[in-house]
Amino acid sequence: MAEAETEARRLATEARDRVRFEEEVLALADQVYRVARRLVSSREEAEDLVQETYARAFRSWRSYTPGTNLRAWLMRILTNLNIDRGRRQQRAPDMQPMEEGDYFLYNRLEETSGPAAEERIVERLSQDSIVEALASVPHDFRDAIVLVDIGDFSYQEAAQILDVPIGTVMSRLHRGRRILKGELAEAAVGEES
Amino acid sequence: MTASFEPICEKCEELIQPYLDRELSEAERLEAEGHLAGCGYCSERYRFEASLRQYVRQACCQEEMSPELKAKLASLRTPLDD
Numbered sequence: 084m085a086e087a088e089t090e091a092r093r094l095a096t097e098a099r100d101r102v103r104f105e106e107e108v109l110a111l112a113d114q115v116y117r118v119a120r121r122l123v124s125s126r127e128e129a130e131d132l133v134q135e136t137y138a139r140a141f142r143s144w145r146s147y148t149p150g151t152n153l154r155a156w157l158m159r160i161l162t163n164l165n166i167d168r169g170r171r172q173q174r175a176p177d178m179q180p181m182e183e184g185d186y187f188l189y190n191r192l193e194e195t196s197g198p199a200a201e202e203r204i205v206e207r208l209s210q211d212s213i214v215e216a217l218a219s220v221p222h223d224f225r226d227a228i229v230l231v232d233i234g235d236f237s238y239q240e241a242a243q244i245l246d247v248p249i250g251t252v253m254s255r256l257h258r259g260r261r262i263l264k265g266e267l268a269e270a271a272v273g274e275e276s
Numbered sequence: 017m018t019a020s021f022e023p024i025c026e027k028c029e030e031l032i033q034p035y036l037d038r039e040l041s042e043a044e045r046l047e048a049e050g051h052l053a054g055c056g057y058c059s060e061r062y063r064f065e066a067s068l069r070q071y072v073r074q075a076c077c078q079e080e081m082s083p084e085l086k087a088k089l090a091s092l093r094t095p096l097d098d
């Protein structure tokens, strides 16, 4: 009798923990979607990926340790599923030397229509060209940019999510941002001509 | 290399990105702020990089998740059957 009561109590506690977990996970859906949307190329793919992520998260809720970083735990599922599904189209990174250093995008934009305040000069880029430029960054680099710049994860969290050393996150970010700026510079020249 | 190109300040590479990412230690942050206050090249570039970062974020976060998807996610929850 006492055993049955203990078991009933255990089940009740488990159900309560699960409901709380599910609510917390659902509250993060907008953030998960924003990251997913930039990891894959279409809205449909992002929606599928988010659904799969949630289905898996709900199924494996016991593997989450309460009190740890739930957002990072979810993103790890998302990035792993993205890799598993082979959605990523690898493209060799553009190995052109960046002889103008990291400032070439600024120089290029300034050249296109004259000087302006640094804060305003980015407005010469269309928002569409930014979305396209990010999509054309090879996935390893893009994943790091999306997690840190759009998902607001720290280097350490991004390293855990992607399962790579923190130095790799930093070098991918550095390289990825350069590639992104290179693409944007090309787009700016294209829009001008 | 273009004619208008200015010499690169080596500190830029080292400081600006991690500074923008809020990944510097307190001592490094103070060093970065001290450098930005005194280096015209870096402070100009910092303003550009900060606005670019914000602009990319704005461009990439415009699309909201559909209410249908949100409802679908909620429906994936485990039913409380006991």
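Sequences listed follow chains A and B, in order.
For the first sequence, my numbering puts the final residue at 276, and the numbers step up evenly by one.
For the second sequence, my numbering puts the final residue at 98, and the numbers step up evenly by one.
Built from N, CA and C at the ideal position, the CB exists for glycine as well.
Taking the Cβ atom as the reference point for each residue, do residue i and residue j lie within a distance shorter than 8 Å?
i                      : j                      : result
residue 160 of chain A : residue 140 of chain A : yes
residue 217 of chain A : residue 271 of chain A : no
residue 189 of chain A : residue 45 of chain B  : no
residue 27 of chain B  : residue 51 of chain B  : yes
residue 122 of chain A : residue 90 of chain B  : no
residue 258 of chain A : residue 224 of chain A : yes
Counting C-beta neighbours from all protein chains within 10 Å, is the total for residue i 16 or more, i.e. buried, or is it exposed?
i                      : result
residue 86 of chain A  : exposed
residue 96 of chain A  : exposed
residue 263 of chain A : buried
residue 105 of chain A : buried
residue 49 of chain B  : exposed
residue 136 of chain A : buried
residue 248 of chain A : exposed
Under 8 Å between beta-carbons, which chain B residues line up against residue i? List them in chain order, please.
i                      : result
residue 101 of chain A : 94
residue 266 of chain A : Simply none; closest approach about 11 Å.
Under 7 Å Cβ-Cβ, which residues of chain A neighbour residue i?
i                      : result
residue 67 of chain B  : 201, 202, 205
residue 35 of chain B  : Within 7 Å Cβ-Cβ: nothing; residue 35 of chain B doesn't reach chain A, min ~13 Å.
residue 60 of chain B  : 201
residue 126 of chain B : Because chain B is modelled from 17 through 98, residue 126 of chain B falls outside the range shown and cannot be assessed.
residue 86 of chain B  : 112
Can you pull the chain A neighbours of residue i, defined as C-beta to C-beta under 8 Å?
i                     : result
residue 89 of chain B : 109, 112, 133, 134, 137
residue 42 of chain B : The premise fails here: residue 42 of chain B is roughly 16 Å from chain A at the closest Cβ pair, so nothing lies under 8 Å.
So which residues on chain B does residue i lean against when the C-beta distance must stay under 9 Å?
i                      : result
residue 124 of chain A : Here the premise fails: no neighbours, minimum Cβ distance about 13 Å.
Report the neighbours of residue i on chain A: residues whose CB is nearer than 9 Å to its CB, in chain order.
i                     : result
residue 55 of chain B : What residue 55 of chain B touches in chain A: nothing, since even the nearest Cβ is about 13 Å away.
(Q) With a threshold of 8 Å, are at least 3 pairs of Cβ atoms found where one atom belongs to the stretch 115-126 of chain A and the other to the stretch 70-87 of chain B? (A) yes
Q: Evaluate contact between the stretch 255-273 of chain A and the stretch 196-213 of chain A, counting only Cβ atoms and requiring at least three cross-stretch pairs below 8 Å.
A: yes
Q. Taking the runs of the alpha helix (DSSP H) that are 4 residues or longer, which of them lie wholly in the stretch 211-269 of chain A?
A. 222-228, 238-245
**Q.** Segment contact, 8 Å Cβ cut-off, at least three pairs: the stretch 147-163 of chain A with the stretch 243-250 of chain A
**A.** yes
Q. In chain order, which continuous runs of the alpha helix (DSSP H) of length 4 or greater are located wholly inside the stretch 97-153 of chain A?
A. 112-122, 126-142
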